[in-house]
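Visitor: Taken in order, these protein sequences are the chains called U and D. Okay, so the first sequence: first residue is 1 according to our numbering, each after it adds one. Okay, so the second sequence: first residue is 146 according to our numbering, each after it adds one. All C-beta atoms in this analysis are idealised placements derived from N, C-alpha and C, irrespective of residue type, glycine included. Here the structure is a predicted model, which is why all the values come from computation and not from measurement. Sharing a structure, written as structure tokens. Questions coming.
Protein chains: 2
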Amino acid sequence: MSYTIQEVAKQMNISTYSIRYYHDHGMLPFVKRDENNNRIFEDTDLEWLHIIVCLRQTGMPVERIQHYLDLVQEGEQTVPERYDMMKAQQTRTLNEINDLQNHLKTINYKVDHYADILINHKADNFVPSNLAEAQQQDVYQENQP
Amino acid sequence: MSYTIQEVAKQMNISTYSIRYYHDHGMLPFVKRDENNNRIFEDTDLEWLHIIVCLRQTGMPVERIQHYLDLVQEGEQTVPERYDMMKAQQTRTLNEINDLQNHLKTINYKVDHYADILINHKADNFVPSNLAEAQQQDVYQENQP
DNA sequence: TAACACCTTCGGCCCACTCGAAGGCAACTG
DNA sequence: CAGTTGCCTTCGAGTGGGCCGAAGGTGTTA
């Protein structure tokens with residue numbers, strides 16, 4: 001199967017700009033052109049693009065990805081370095097997931113907190129005014145980022 | 146307690162450049178200066194900074210964070226919008242964690258694969274040559290990104 | 001009194017896109 | 001068969017979110 005740049009962009013969920021950027025920077029070495037000079041992508045190109053997207057979205061700089069893809073093309077003797085690169089990326093990604101999970105806790109707390117305030121305020125009509133006042137104070141106290 | 150910009154940078158694990166950037170862009174409205182014009186950070190500033198870092202690292206643009214912090218300062222009537230923002234950020238973060246976990250699977254596969262190759266090659270000395278040839282072919286086949 | 005360590009502001013630089021302009025080619029439409 | 005649509009191309013400029021260096025101030029230690 002072969003695909004246009006737009007089809008690939010949709011399938012990979014990235015922009016055509018990014019794909020051209022990767023291609024222009026030598027990271028998609030097997031992409032062909034049709035008779036109108038349009039890029040045509042085969043399944044192997046999609047595999048390359050998939051690993052590019054994976055490495056980029058886990059924070060590897062383009063320059064390192066270029067280097068990694070060069071290593072792949074140099075053959076077997078570069079496996080040790082490739083192993084090290086992937087191992088480092090694994091660690092980095094585990095750390096990033098961990099950080100995000102911690103940030104998520106903070107965000108969850110905010111969501112729950114604001115939800116509380118909204119529910120209590122909806123109930124204001126049925127709440128004695130001294131309690132409403134207390135809530136008012138809660139809101140004030142909680143007016144922090 | 147009060148802290149210098151460097152202490153804060155170390156504690157929050159971000160650069161002093163970033164902190165100044167956030168301050169210069171109005172996201173740390175309560176930071177004071179000492180008699181030499183140096184920024185001094187109190188605990189409340191750290192709380193603000195903590196939420197800034199949390200939102201930035203989960204992908205919220207600076208402009209949105211500014212808006213969120215404005216809402217906080219406007220008081221109680223902005224809680225519904227703040228709730229929506231945090232809810233959106235929660236979803237976004239869950240998605241990002243999910244994406245990262247998928248990328249991690251790809252990376253894990255690479256790590257395992259390269260580890261296999263390395264282990265087999267170390268054992269080459271003890272392996273009959275026809276098997277070594279087969280491995281050779283494996284390596285060739287796997288010479289993909 | 002000088003060296004060192006920290007801070008300031010200002011302005012340029014960087015990465016990885018992102019987008020617009022200007023134009024080419026192919027296919028459908030009136 | 002001119003025109004419009006819709007895709008593609010290249011090139012070059014712009015953007016976000018910092019990063020960093022220069023130039024200079026202050027203050028403490030030796």
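If the criterion is Cβ atoms closer than 9 Å, does the pair residue 9 of chain U and residue 15 of chain U meet it?
Guide: If you number the first sequence from 1, residue 9 of chain U lands on position 9. If you number the first sequence from 1, residue 15 of chain U lands on position 15. Contact flag set, yes.
Visitor: Measure from the C-beta of residue 154 of chain D to each C-beta in chain U and report whether the shortest distance is under 9 Å.
Guide: The count along the second sequence starts at 1 and reaches residue 154 of chain D at position 9. Answer no: the Cβ-Cβ gap between residue 154 of chain D and chain U never drops below 9 Å.
Visitor: To the nearest angstrom, report how far apart residue 166 of chain D and residue 172 of chain D are at their CA atoms.
Guide: Taking the second sequence and counting its residues from 1, the one referred to as residue 166 of chain D is at position 21. Taking the second sequence and counting its residues from 1, the one referred to as residue 172 of chain D is at position 27. Going by the C-alpha atoms only, they are around 9 Å apart.
Visitor: From which residue to which residue does the beta strand (DSSP E) around residue 63 of chain U run?
Guide: On the first sequence, position 63 is the one that residue 63 of chain U refers to. Note, residue 63 of chain U: premise wrong, no beta strand (DSSP E); alpha helix (DSSP H) at 62-74.
Visitor: Once you ignore the five residues that flank residue 83 of chain U on each side, which residues in its own chain have a CB closer than 7 Å to its CB?
Guide: Along the first sequence, one-based indexing puts residue 83 of chain U at 83. Nothing meets the Cβ criterion.
Visitor: Give the secondary structure of residue 15 of chain U by DSSP, where H, G and I count as helix, E and B as strand, and everything else as coil.
Guide: Here residue 15 of chain U refers to the residue found at position 15 when the first sequence is read from its first residue. Here residue 15 of chain U sits in coil by DSSP.
Visitor: List, in order along the chain, the chain D residues whose C-beta lies closer than 7 Å to that of residue 66 of chain U?
Guide: Within the first sequence, residue 66 of chain U is the residue found at index 66, counting from 1. Result: empty, since nearest Cβ-Cβ is about 12 Å, beyond 7 Å.
Visitor: Taking the alpha-carbon of residue 224 of chain D as reference, which of U/115, U/5, U/108 and U/17 has the nearest alpha-carbon?
Guide: As a working mapping, residue 224 of chain D is identified with position 79 in the second sequence. For residue 224 of chain D, the nearest C-alpha among the options comes from U/115.
Visitor: From residue 290 of chain D to residue 204 of chain D, what distance separates their C-alpha atoms?
Guide: Against the second sequence, residue 290 of chain D aligns to sequence position 145. Against the second sequence, residue 204 of chain D aligns to sequence position 59. The alpha-carbon atoms of residue 290 of chain D and residue 204 of chain D are separated by roughly 28 Å.
Visitor: By a C-beta neighbour count over all protein chains shown, 10 Å radius and 16 as the cutoff for buried, is residue 264 of chain D buried or exposed?
Guide: Stepping through the second sequence from its first residue, residue 264 of chain D is reached at position 119. By the 10 Å Cβ count, residue 264 of chain D comes out exposed.
Visitor: Buried or exposed: which applies to residue 236 of chain D, given that a residue is buried once 16 or more other Cβ atoms fall within 10 Å of its Cβ?
Guide: In the second sequence, residue 236 of chain D corresponds to position 91, counting from 1. Answer is exposed; the Cβ neighbour count stays below 16.
Visitor: If the cut-off is 8 Å on Cβ atoms, which residues from the region 87-101 of chain U count as contacting chain D, listed in chain order?
Guide: If the cut-off is 8 Å between Cβ atoms, the region 87-101 of chain U has 87, 89, 90, 93, 94, 96, 97, 99, 100 and 101 near chain D.
Visitor: Does DSSP classify residue 35 of chain U as helix, strand or coil?
Guide: As a position in the first sequence, residue 35 of chain U is number 35, starting the count at 1. The answer is coil: DSSP assigns residue 35 of chain U none of H, G, I, E or B.
Visitor: For the candidate residues U/117, U/7, U/5 and U/51, whose alpha-carbon lies nearest to that of residue 222 of chain D?
Guide: Locating residue 222 of chain D in the second sequence gives position 77, counting from the first residue. Of the candidates U/117, U/7, U/5 and U/51, the one whose C-alpha sits nearest the C-alpha of residue 222 of chain D is U/117.
Visitor: Below 8 Å between beta carbons is the criterion; list the residues of the region 101-120 of chain U that meet it against any residue of chain D, in chain order.
Guide: Listed by position along the chain: 101, 103, 104, 106, 107, 108, 110, 111, 114, 115, 117 and 118.
Visitor: State buried or exposed for residue 151 of chain D, treating a residue as buried only when at least 16 other CB atoms are found within 10 Å of its CB.
Guide: Here residue 151 of chain D corresponds to residue number 6 of the second sequence, with the count starting at 1. Counting Cβ neighbours within 10 Å, residue 151 of chain D comes out exposed, since fewer than 16 surround it.
Visitor: Applying the criterion that 16 or more other CB atoms from any shown protein chain within 10 Å of the CB defines a buried residue, is residue 93 of chain U buried or exposed?
Guide: Translated into positions along the first sequence, residue 93 of chain U becomes position 93. Residue 93 of chain U is buried by the Cβ-count criterion.
Visitor: Going by CA-CA distance only, name the one from U/99, U/67, U/103 and U/100 that's closest to residue 86 of chain U.
Guide: The residue labelled residue 86 of chain U in the question sits at position 86 within the first sequence. The candidate whose alpha carbon is nearest that of residue 86 of chain U is U/67.
Visitor: Under 9 Å, Cβ to Cβ, is there at least one residue of chain D near residue 19 of chain U?
Guide: In the first sequence, residue 19 of chain U corresponds to position 19, counting from 1. No - not a single Cβ of chain D is within 9 Å of the one on residue 19 of chain U.
Visitor: How about residue 76 of chain U: is its C-beta nearer than 9 Å to some C-beta of chain D?
Guide: In the first sequence, the residue the question calls residue 76 of chain U occupies position 76. Interface residue, yes.
Visitor: Does any residue of chain D have a CB that is nearer than 9 Å to the CB of residue 22 of chain U?
Guide: Reading the first sequence from its first residue, position 22 is the one you call residue 22 of chain U. By this cut-off, residue 22 of chain U is not an interface position.
Visitor: Check each candidate in D/251, D/248, D/234 and D/149 and name the one with the smallest Cα separation from residue 181 of chain D.
Guide: Taking the first residue of the second sequence as position 1, residue 181 of chain D is located at position 36. Comparing Cα positions, the closest option is D/149.
Visitor: Buried or exposed for residue 11 of chain U, please, with buried defined as at least 16 other CB atoms from any protein chain shown within 10 angstroms of its CB.
Guide: In the first sequence, the residue the question calls residue 11 of chain U occupies position 11. That one is exposed.
Visitor: When the Cα of residue 218 of chain D is compared with those of D/240, D/174, D/197 and D/247, which residue comes out closest?
Guide: As a first step, residue 218 of chain D must be located in the second sequence, where it is residue number 73. For residue 218 of chain D, the nearest C-alpha among the options comes from D/174.
Visitor: Could you check the C-alpha separation between residue 215 of chain D and residue 179 of chain D for me, to the nearest Å?
Guide: Sequence index remark: in the second sequence, residue 215 of chain D carries index 70 (1-based). Sequence index remark: in the second sequence, residue 179 of chain D carries index 34 (1-based). Distance between the alpha carbons of residue 215 of chain D and residue 179 of chain D: 25 Å.
Visitor: Determine the contact status of residue 190 of chain D and residue 176 of chain D, defining contact as a CB-CB distance below 9 Å.
Guide: Mapped onto the second sequence, residue 190 of chain D falls at position 45. Mapped onto the second sequence, residue 176 of chain D falls at position 31. Yes, the pair counts as a contact, with Cβ atoms nearer than the cut-off.
Visitor: For residue 224 of chain D, go through chain U and note every residue whose CB falls closer than 7 Å to its CB, in chain order.
Guide: By 1-based counting over the second sequence, the position of residue 224 of chain D is 79. Going along chain U in sequence order, the residues near residue 224 of chain D (Cβ under 7 Å) are 114, 117 and 118.
Visitor: Assuming residue 200 of chain D and residue 185 of chain D make a contact with CB atoms under 8 Å, what is their CB distance in whole Å?
Guide: Against the second sequence, residue 200 of chain D aligns to sequence position 55. Against the second sequence, residue 185 of chain D aligns to sequence position 40. That belief does not hold up - the Cβ atoms of residue 200 of chain D and residue 185 of chain D are roughly 24 Å apart, past 8 Å.
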